[in-house]
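Below is one structure, written out as structure tokens; the observations come after it.
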Amino acid sequence: MSEPTPTEITGPNGTGAGTAAVHPQRRIDRVLDHAFTAELPSIPLTVLRERRAEASAEESDLSYLRRVLHGRLDIIAAECARRAGGDQSPLVARLAEILADAPSSRVASARHLGLGGESTDGEYRAAMESRLRELAVPDLTACSDRTLRDTAAALSVCEREVSDLRRRVQGVADACAADLARRYREGEAAIDDLLAAD
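Numbering (my numbering), first residue to last: 634 to 831.
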């Protein structure tokens, strides 16, 4: 079974995934199109930089969405644990602790990723944020256990989708960065050109 494309996951604007593969309109579809990295060693340096920038911007969007989803899931998990333990104290007093990032065991990327707003947000992020407006964390003081479980299940579906796409986009960004590094290493491009472009 083939891996679903972002167009298949979120619903295409055109007639199907085949249309998106030929003329992808969304940034994420362009980045994940096979043609985006198929001929990296032979494309002009300016085009390679543009593709690296597109992939990095999409990775930044996906990383932002993933943090939002993890935050909501952490809040719901903490509320479920509070109820199961019979704790009567309000959860709001622990929000800073709940939302604090735990140390990651994963080797961090050397690429700089913004927190959002540094460049134009992609279409996928806009669509996912629209979906998330319908999946807000419910009123913890009034909602039922079932509502918490249902909301967590729906958020988990979104988190798996975003995390999968982020992993794939990271691979594209890494491929663009690797070919750019190769060009500098082998003398196909000059560091002065990079500094001038940046």
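Even for Gly, the Cβ is constructed at its ideal location relative to N, Cα and C.
These numbers were taken from a predicted model, which means no experiment stands behind them.
Could you tell me the boundaries of the alpha helix (DSSP H) in which residue i lies?
{"i": "cysteine 809", "result": "778-818"}
{"i": "threonine 774", "result": "Run containing threonine 774: none; DSSP gives neither H nor E here."}
{"i": "aspartate 666", "result": "Taken as a continuous stretch (DSSP letters only), aspartate 666 belongs to no alpha helix (DSSP H), as it is neither H nor E."}
{"i": "glutamate 687", "result": "678-717"}
{"i": "alanine 769", "result": "It is not in any alpha helix (DSSP H) - alanine 769 carries neither H nor E in the DSSP assignment."}
Can you give the beta carbon distance from residue i to residue j, rounded, assuming they're within the 8 Å contact cut?
{"i": "cysteine 791", "j": "leucine 673", "result": "About 31 Å separates the two Cβ atoms, so there is no contact after all."}
{"i": "valine 805", "j": "threonine 679", "result": "Not confirmed; about 18 Å, so no contact."}
{"i": "alanine 785", "j": "isoleucine 709", "result": "5 Å"}
{"i": "arginine 818", "j": "leucine 665", "result": "In fact, because the Cβ distance is near 27 Å, the residues do not count as touching under 8 Å."}
Measuring straight from C-alpha to C-alpha, what distance separates residue i and residue j?
{"i": "leucine 798", "j": "arginine 715", "result": "33 Å"}
{"i": "aspartate 778", "j": "leucine 695", "result": "29 Å"}
{"i": "proline 645", "j": "alanine 787", "result": "Note on proline 645: pLDDT 37, under 50, position unreliable in the model; the coordinate value appears next. Taking the straight line from one Cα to the other gives about 21 Å."}
{"i": "aspartate 754", "j": "alanine 690", "result": "8 Å"}
{"i": "aspartate 613", "j": "arginine 727", "result": "This structure gives no information on residue 613, because the portion of the chain shown stretches from 634 to 831."}
{"i": "glutamine 803", "j": "glutamate 687", "result": "11 Å"}
{"i": "cysteine 776", "j": "glycine 718", "result": "17 Å"}
{"i": "serine 722", "j": "valine 770", "result": "18 Å"}
{"i": "arginine 682", "j": "alanine 759", "result": "24 Å"}
{"i": "isoleucine 676", "j": "serine 789", "result": "39 Å"}
So, for residue i: in the same chain, excluding its five sequence neighbours on each side, which residues have a beta-carbon less than 7 Å away from its beta-carbon?
{"i": "arginine 684", "result": "Phe669, Cys809"}
{"i": "cysteine 713", "result": "Leu781"}
{"i": "isoleucine 731", "result": "Asp707, Ile708, Ala711"}
Which same chain residues end up closer than 8 Å to residue i when comparing Cβ atoms and leaving out the 5 residues on each side of it in sequence?
{"i": "alanine 822", "result": "Leu678, Leu813, Arg816"}
{"i": "valine 795", "result": "Leu695, Leu698, Arg699, Leu702, Met761"}
What residues in its chain sit with their C-beta under 6 Å from that of residue i, if we drop five residues either side in the sequence?
{"i": "glutamate 756", "result": "Arg659"}
{"i": "leucine 748", "result": "Note that leucine 748 has pLDDT 45, beneath the 50 cutoff, so the model's placement of it is unreliable and no number is given."}
- Message: Using a Cβ distance threshold of 8 Å, determine whether the region 693-707 contacts the region 754-770, with at least three qualifying pairs required.
- Response: Result yes; three or more Cβ-Cβ pairs closer than 8 Å.
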